[in-house]
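Everything below concerns the one structure shown next.
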Amino acid sequence: MKKQVFILLLFALSYSGQLSAQETPIWELEEVVVSDTRIRRYAEGHKVTELKDSTIQRNGTFLTSLLAFNSNIYFKENGLGMVSSPAFRGTNASHTAVIWNGININSQMNGQVDFNTINPFNYSSVGIRSGGGSVQFGTGAIGGSVHLNNDLRFEKHFDQQVFMGYGSFDTRNANYNQSFGTGKWSTNFGVNYAGSNNNYRYLESDDRNRNGEFENINLNFNSGYILSDKQVLRLYHQSFLGDRNLSGTLVAPGRSRYKDNHYRTQVEWGRLGEKATSKVKLAHLHEEFKFFENRDSDIFSDGRVTTLLARYSLDVELSKVFRLNSFLEYNHFKGKGSSFDNPERNDASVTAVLKHAVSKKMTYNLSLRQDFSSDFSNPMVFSLDGIYKFSDRYGLQINASRNFRMPTFNDLYWQPGGNLDLVPERSYQIDLGHRLQFGGFSFNLNSYYIRTEDMIRWLPNTQGLWSPTNVDQVQIYGLEGELGVTYPIHKKQQIDFKANYSYTVSEDRETNEQLIYVPFHRGNASLAYRISHFAVFYQHLYTGEVSIIGGSLESYQVANAGITYSPNTKGKLQYSVGCTVNNLFNTYYENIALRPMPNRNIQTQLIVNF
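Set out below in structure tokens:
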């Protein structure tokens, strides 16, 4: 396998050299500034949503709250700051890929990303790509993918921002971000702190949330240097240091503690031209955890995985109507832990994406990917997506794909219970979307069908131990609606309204029963009004009834409201003060069974730009 990959890489490098000789020194600005162009350039048939800065500031402490109130993704959350996992289009948490500046950062231990370990203030944009994406983004991208991008501004500037927040339950937030550019250099740096005693009282009870304290620090550093009129060098780094107690349930008080650290670094060299762009990316990812059954004890279980990644990509404009994006990727994974010894795995993949602009009205992408693994065979996956624009206002989108998910180290090697006989999950899906946009009005309506085979589930075996097996055959279908309205009343007044709704059926094909923790109905809406120096907003979230083991959880509705004041200032200095009331109507609700969520609470904030 290594020999085949080397030969393919050598061929690609030699081909890019021939193309580069024909290039002229004309910059493609998007390639220089944007960390990952695939979500924008090769996604005509997919619904892609990008969240703005103002939206991030309203729900920006954790990625969970940002997406829960502003997207169709449903989250299972053990409480404020606790473990949070997504269910995108009725799929499992490991079926949502998180893409950090172009690379998949899902855990090699459990296949997921804890969305309460990510602070969206650290990123230039947060994108949501609905539907299967295994061809471009690898294992796990079945329900969809979330994209965290750090764009680089090379024009001359020097900007700084300080964010400070304090609120109920002794919740503290502090963020500092800096960005500067010189024309050839671009750098942005961010550091964030979040902590809370998290000791809210349970409504309808005299008890309170105990053992819920948490603290974490996020560090981001990104830099780029223009080497010549054809070459650019970029560096991205992100560190997370987390320390949290794990709160208990209504019937089992918590006393455990969990520490997890994540270190991610990637370096990318790019050669850009009028007709072709080639890139070499090298990345080092490291994740580790320590679990203390008793927070006051020094005894713990642990695990860690280090990933080394190398990728070569070539993006070529073959003609005025054809464009080809191909890349080769190699990954080496090495783990060590108290429950899975010292596993290792080597993976490689070859991918090609052909874009064809048939006319001004019709564009489609045809994609193929083959993965090779030292542990098991992987299916070839494919994707076909496109759009037909009936007019400037209305377009019909369609995409169909085959996707997959590899078993994780925990699935294979966890002791006791790991299963070395697992095979990758396979999934087929089709998605039809309607896109309507004119002026300040936008509307998207998508219907989809997903069929998954060999889904991996942890179930009790004949010895009474929990063990993963390829047992489930699942079908998922549903509707998603997304509405956006921006209405400027006056030069100093504006109304923004956004709403999302999803209807999801996710059922076991043998029993025809809805999978646990997947609501049939879910929706959210937000209304923001700005007048002169003031801005107010209201958010509303509805989550329908969900099935759980042995019963169900009732539906619930939660609302937030806030106000911000931004006075006129002279020069570059700008600041705003704000206050947000979360759970405005003091609703009792459980997102996970027997784990009450926070009651009404207040958060204040100060943002200074200079």
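Going left to right, the sequence shown walks through residues -21 to -1, 1 to 589 as mature numbering (1 follows the signal peptide of the UniProt record, and there is no 0) numbers them.
Just so it is clear, CB atoms sit at the ideal spot from N, CA and C, and this is done for glycine as well.
Values in this document were obtained by computation on a predicted structure and should not be read as measured data.
Assigned exposure category for Val497 - 16 Cβ within 10 Å defines buried = buried
Using the beta-carbon count (16 or more within 10 Å), is Val105 buried or exposed?
-> buried
Return the Cβ separation of Tyr567 and Pro575 in integer angstroms, given the expectation that the two are a contact with Cβ distance under 8 Å.
-> 7 Å
Go through its chain and collect everything with a Cβ distance to Trp437's Cβ below 6 Å, but skip five positions before and after it.
-> Trp445, Pro447
Contacting residues, own chain, Cβ-Cβ under 7 Å from Phe279 (five flanking each side not counted) | Correct list, in chain order: Lys269, Phe270, Phe271.
Should the stretch 83 to 98 be called in touch with the stretch 341 to 352, which here means at least 3 C-beta pairs below 8 Å?
-> no
For Asp487, which residues from the same chain have a beta carbon less than 8 Å from its beta carbon, with the 5 sequence-adjacent residues on both sides left out?
-> Asp451, Gln452, Val453, Leu494
Quick one: what does DSSP say Ile82 is sitting in, helix, strand or coil?
-> Note: Ile82 maps to strand in three-state DSSP.
Would you list the one or two residues that DSSP bridges to Lys313?
-> DSSP lists Thr285, Glu323 as partners of Lys313.
Specify the secondary structure class of Gly144 as computed by DSSP and reduced to three states.
-> Reduced to three states, the DSSP call for Gly144 is strand.
Under the rule that 16 or more other beta-carbon atoms within 10 Å means buried, what is Leu585, buried or exposed?
-> exposed
Contact check, Ala66 vs Tyr53, beta carbons under 8 Å | Taking the C-beta atoms as reference points, Tyr53 is found nearer than 8 Å to Ala66.
Measure the beta-carbon distance from Ser109 to Ala120 and round it to whole angstroms, keeping in mind my assumption that it falls under 8 Å.
-> Actually they do not touch by this definition, with Cβ atoms about 11 Å apart.
Between Asp186 and Asn80, which are expected to be in contact by the criterion C-beta below 8 Å, what is the C-beta distance as a whole number of angstroms?
-> Incorrect: roughly 43 Å between the Cβ atoms, too far for contact.
His519 vs Ala507 beta-carbon contact at 8 Å = no
Give the secondary structure of Asn394 by DSSP, where H, G and I count as helix, E and B as strand, and everything else as coil.
-> It is Gln, not Asn, that sits at residue 394 in the sequence shown. In the three-state DSSP reduction, Gln394 falls in the coil class, being neither helix nor strand.
Can Tyr181 be considered in contact with the ligand MG, in the sense that its beta carbon sits closer than 7 Å to one or more heavy atoms?
-> With respect to small molecules bound, the structure shown includes none, and the ligand MG cannot be examined in it.
Ends of the beta strand (DSSP E) at Arg180?
-> No beta strand (DSSP E) contains Arg180, which DSSP labels as neither H nor E.
Cβ pair Asn177, Phe200 closer than 8 Å = Cβ distance not < 8 Å, so Asn177 and Phe200 don't count as in contact.
Residues near Ile97 by beta carbon distance below 6 Å, same chain, minus five either side = Leu42
CA-CA distance, Phe351 and Arg223?
-> 38 Å
Please go through the same chain and pick out, in chain order, the residues whose beta-carbon is closer than 8 Å to the beta-carbon of Thr548, but skip the five residues on each side of it.
-> For Thr548, the CB contacts under 8 Å within the same chain, skipping 5 residues up- and downstream, are Tyr554 in chain order.
Given Ser380 as reference, the closest of Arg405, Glu533, Ala153, Tyr215 once Cα atoms are compared = Arg405
Sort out for me which residues DSSP pairs Phe159 with in a bridge.
-> When DSSP reads this structure, Phe159 sits in a beta bridge with Phe137, Thr166.
Selected residue, minimal CA-CA separation from Asn195, among Ala231, Phe116, Val587, Asp239 | Asp239
Residue span of the beta strand (DSSP E) that contains Ile527, given as start and end = 525 to 527
Candidates Leu401, Glu461, Glu524, of which the one nearest His500 by Cα | The candidate whose alpha carbon is nearest that of His500 is Glu524.
With which residues is Glu404 paired in a DSSP beta bridge?
-> When beta bridges are read from the DSSP output, Glu404 appears opposite Arg384.
What does DSSP give as the partner residues of Val27 in its beta bridges?
-> Arg108
Environment of Ala231 [buried if 16+ CB atoms lie within 10 Å] = Flag for Ala231 reads exposed.
How many whole angstroms separate the CB atoms of His311 and Asn325, which I take to be in contact at a CB cut-off of 8 Å?
-> Rounded to whole angstroms, the Cβ separation of His311 and Asn325 is 5 Å, and the two are in contact under 8 Å.
For Phe(-16), is the classification buried or exposed, using 16 other Cβ atoms within 10 angstroms of its Cβ as the cut-off for buried?
-> Note on Phe(-16): pLDDT 37, under 50, position unreliable in the model; the coordinate value appears next. The residue in question, Phe(-16), is exposed, as its Cβ has fewer than 16 Cβ neighbours within 10 Å.
Return the chain-ordered ranges of every beta strand (DSSP E) run that is complete within the stretch 250 to 309 and spans a minimum of 3 residues.
-> 255 to 271, 280 to 296
Could you give the residue range of the beta strand (DSSP E) that holds Asp222?
-> 210 to 225
Name the two residues that bound the continuous beta strand (DSSP E) containing Arg501.
-> 500 to 510
List the endpoints of the continuous alpha helix (DSSP H) containing Gln115.
-> 113 to 116
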